[in-house]
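Working notes, structure below.
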Amino acid sequence: MQLSPFTDIGLRTIMRLAVNDETDSRVTTKLIARQVGASERYVAKAVSRLVELGLVRAHRGRSGGLVITPAGRVASAGWLIRELEGDREVVACTEPHPCPMVGACRLRRILADAKKAFYTELDRYSIEDLVTSPTAELLRLLAHAPVSVSNEMEEVS
Ligand code: SF4
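Here the sequence shown is numbered in this note's numbering, starting from 6 and rising by one per residue.
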């Protein structure tokens, strides 16, 4: 099961914010984009959804920026991924090309169970759990490194 680029960038963004102190609001969308190798446009979209979900707070003004909220730290990875992905089926059985087996397909049921198991595993972890060692060290390194991370997601549209 492959996550959408939107979900992936949302996760990169919240993981990056999770290694910051709650009082440090100087992290901007632009900075995150450069640090996690994503386009600013994609990070901005993800940030607005994370703000909507109450996981990130945006401070406006010259010294403004983004901070993860306490709810963002303890949110379950499974819950967040469900929110970002939406209720998509693993296989599009009915749209845009309806499959003739849809009425009696064992595979469809198995895939639905597999999807459930996928999320059940992710539900075991909070966002904070995702940024324990060695990820935390790497993210801190990126946070303090000069801007040179390649924007490999720039092409995704
Ligand atoms: S074979 Fe089954 S899972 Fe695949 S598209 Fe058809 S109904 Fe869906």
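Every residue, glycine too, gets a C-beta built ideally from N, C-alpha and C.
Asked                                                                           : Found
Closest residue to G77 among E90, A23, C104 (Cα-Cα distance)                    : A23
Check: M106 C-beta below 7 Å from any heavy atom of the ligand SF4              : yes
Delimiting residues of the beta strand (DSSP E) encompassing V72                : 70 to 73
heavy atom of the ligand SF4 below 7 Å from R21 C-beta                          : no
heavy atom of the ligand SF4 below 7 Å from V41 C-beta                          : no
7 Å Cβ shell around E157 - same chain, five flanking residues per side excluded : With a pLDDT of only 44 at E157, under the threshold of 50, the placement of this residue in the model should not be trusted; the figure read from the coordinates follows. Excluding sequence neighbours, E157 sits near G42.
Simplified DSSP state of S9, which is helix, strand or coil                     : coil
Coil, strand or helix - R62 by DSSP                                             : strand
Cβ pair S138, V79 closer than 8 Å                                               : no
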